DNA sequence: CTACCGATTGACT
DNA sequence: GTCAATCGGTAGA
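In our numbering, the protein residues as written are 711 to 913.
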């Protein structure tokens, strides 16, 4: 029986969020609950910077909501928006508040459970979009601050699949942000049907 | 306490 | 393509 890949180590996350966002493409998000194991390949991620980035939730200092972003790298930052949730991984050393938002994954395992949670049948509707992904993977505020290196409940692995080549990785401005619109901090698998966002940013 | 608003989504033209 | 629902977090009185 094949050994399960280990969670990405803390060092993976301990660097600039743009590098983490790019390197997370092709990695596999794993969610284990009492009942299910869900897996999805990361297709799209956005970096939020600790400095000179007004779109970053930490740009105006520490609050109760963004506290986990100021914590050590390799933990989750889960926040609510519009009655939904978005999932980030915390990057850079403790005290440096930066993160990477996971915007879309390709469902690999647990499709049935995702369909049930999302109340949608089509794969396109399961985990394309940050809040859809959270609903499909049963991620909410309970997992804010969760340590992603433990290999329990929620973590990320390299399953050995070849990483995407540079020419297959697209880069664009971040979706939905009203501040710092020009920064090209969104990374995604080019032409993958399950990437979220408007068509003009997908090519 | 009230007022405002968003790293969204789904329904609709 | 457009648009409104929705509510926790934050700022300000």
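Note that CB positions come from ideal geometry on N, CA and C, so glycine has one too.
In this text the structure is predicted, and so the values were computed from the model without any measurement.
Would you mind working out which of the options sits nearest residue i, comparing C-alpha positions?
i	options	result
residue 746	734, 756 and 826	826
residue 841	882, 772, 759 and 793	793
residue 726	877, 797, 881 and 758	758
residue 801	791, 813, 790 and 786	786
residue 821	835, 761, 812 and 810	835
residue 728	887, 878, 895 and 886	895
residue 743	886, 804 and 853	853
residue 716	861, 897, 873 and 875	861
residue 798	829, 868 and 789	789
residue 885	849, 735, 732 and 765	765
residue 891	866, 762 and 733	762
residue 721	781, 803 and 768	803
residue 767	730, 811 and 731	811
residue 737	855, 829 and 871	871
residue 723	846, 829 and 806	806
residue 776	873, 851 and 859	851
residue 866	730, 732, 739 and 719	739
residue 849	828, 869 and 832	828
residue 864	847, 873 and 874	847
Tell me, which residues are paired with residue i by DSSP?
i	result
residue 748	741
residue 838	814
residue 796	789
residue 865	740
residue 801	808
residue 756	811 and 896
residue 833	Residue 833 is not bridged to any residue.
residue 881	897
residue 857	785
residue 717	867
residue 819	749
State the Cα-Cα distance for the pair residue i and residue j, rounded to the nearest angstrom.
i	j	result
residue 844	residue 837	8 Å
residue 883	residue 741	28 Å
residue 903	residue 791	25 Å
residue 906	residue 756	12 Å
residue 808	residue 899	22 Å
residue 783	residue 887	23 Å
residue 879	residue 734	11 Å
residue 855	residue 876	31 Å
residue 858	residue 795	17 Å
residue 771	residue 781	13 Å
residue 719	residue 823	28 Å
residue 731	residue 813	11 Å
residue 769	residue 893	15 Å
residue 773	residue 779	10 Å
residue 833	residue 869	21 Å
residue 889	residue 901	26 Å
residue 714	residue 839	27 Å
residue 874	residue 897	11 Å
>> Taking 8 Å as the cut-off, does the region 813-827 touch the region 746-765 (at least 3 CB pairs, one atom from each stretch)?
In response: Counting C-beta pairs closer than 8 Å gives three or more between the region 746-765 and the region 813-827, which meets the contact rule.
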